[in-house]
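Structure first, then comments.
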Amino acid sequence: TFNEGSGQTAQDSSANALHGTVNAQWVDSPSGKALFLDGTPTRLLNVELPEDKRFGKESWSFMAWLKPKQFTIDDRQNQRRLFAFGKYPAAYLVIDLHSTGMFSCYFCYTNADGKTTSAGASSAIKLELDQWAHIALVTDREAGSISCSVNGYCGGPRLIPKEFDGDYVLGGGLTLGSSWHNYWGTMDEVRIYRRAVSEDEIAREFHAHKDTFGVKESEQAIAARKRDALMKSFETAADAWIRKDFASVRAICAAAIASPEMPPQFRSYAHLRIAQSFAAEKNATAAR
């Protein structure tokens, strides 16, 4: 949480005692204290992970609140590094913030034949300079997907190539910021997991702090959340159908039809299911 506010140590709030060595500026944050990284190579945070705490072939996730000061850098690779772990190119995980304000991830490793294999994804919406935003990266190795969210909105997962088999145990150095194209801005409330967090967990973290950080949920995120809720209602209707509770099927579908966020093709499907429910009850007149 960086609420120490001074000194050279950032305490790990989990039970793992993976404390960070701080070589960055302590600054005030809406939630207490935060770290400010000034874009220079040495101003960052280091954590040494013992071998049994490294990412290996497991799923993992990263969440943080960011207030970027500068996106661009005078280089052909016009991006700044928020997070890094491992050794390049043998086994390396990074998260970058691009000149456009989008954030992305890049994972690479060198296979037994000496070939470098990579995977990655990027966010669907961008961050803004001098404004707080919440980012979340979820790498689900079991599902073979990567998701990038900004302020609770993810445009959809990116598939990891089936042949991707990176084992991230080389080197124990994890950094917030990087000696290469270091992030320039404030960073707070960083969470790193060796598992794939759920969409609900991301949403809870965002909504728990959005008022504190003065962040408004994006229109895309609001619309997507409403669509997701409506789509889940179809799953509920399917369960009711199995129970032959056709009155509940009609009530659920009628609510979907009435929702302005529901895409027309799904509204049409809801009409059809209502008709089918009447047909299942042998009420042909109502079905027509």
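For the record, in the sequence shown the residue sitting at position 219 is 290 according to the working numbering, with numbers rising by one throughout. Every residue, glycine too, gets a C-beta built ideally from N, C-alpha and C. From a predicted model like this one, the values you see are computed outputs, not experimental measurements.
Cβ neighbour criterion (16 or more within 10 Å) applied to residue i
i	result
isoleucine 273	buried
asparagine 182	exposed
asparagine 149	exposed
asparagine 87	exposed
leucine 200	exposed
glutamate 119	exposed
alanine 357	exposed
arginine 275	exposed
Cut-off 7 Å between Cβ atoms - residues of its own chain near residue i, not counting five sequence neighbours on either side
i	result
isoleucine 328	Arg338, Ala341, His342
serine 330	Leu301
serine 130	Thr210, Asp211, Arg212, Glu213, Arg266, Ala267
leucine 230	Gly215, Ser216
alanine 161	Tyr180, Thr181, Leu241
Same chain only: Cβ atoms within 6 Å of residue i, ignoring 5 sequence neighbours per side
i	result
glycine 248	Leu108, Leu115, Tyr254
threonine 246	Leu115, Asn117, Ala155
Straight-line Cα distance separating residue j from residue i
i	j	result
glycine 256	valine 268	25 Å
proline 232	threonine 188	9 Å
asparagine 354	arginine 298	31 Å
phenylalanine 235	tyrosine 180	9 Å
valine 227	threonine 171	Position check: residue 227 holds glycine in this sequence, whereas valine was assumed. Whole-angstrom Cα-Cα distance: 19 Å.
proline 121	serine 250	21 Å
glutamine 96	lysine 186	39 Å
Those residues which DSSP pairs with residue i across a bridge
i	result
valine 118	Leu245
valine 93	Leu116
serine 193	Ser175
aspartate 146	None; aspartate 146 has no bridge partner.
Same chain only: Cβ atoms within 8 Å of residue i, ignoring 5 sequence neighbours per side
i	result
serine 132	Ala207, Leu208, Val209, Thr210, Arg262, Ile263, Tyr264, Arg266, Ala267, Val268
lysine 128	Arg212, Asp236, Gly237, Asp238, Tyr239
glycine 141	The amino acid at residue 141 is misidentified as glycine; the sequence shows glutamine. Answer for glutamine 141: Gly110, Arg151, Leu200, Trp255, Gly256, listed in chain order.
Any non-hydrogen atom of the ligand PLP closer than 8 Å to residue i Cβ
i	result
alanine 351	Ligands displayed in this structure: none; no statement on the ligand PLP is therefore possible.
Please go through the stretch 234 to 262 and give each complete beta strand (DSSP E) segment of 3 or more residues, from N-terminal end onward. 244 to 247
Quick one: which unbroken alpha helix (DSSP H) runs of 4-plus residues sit fully inside the stretch 251 to 332? Chain order, please. 270 to 280, 290 to 313, 317 to 329
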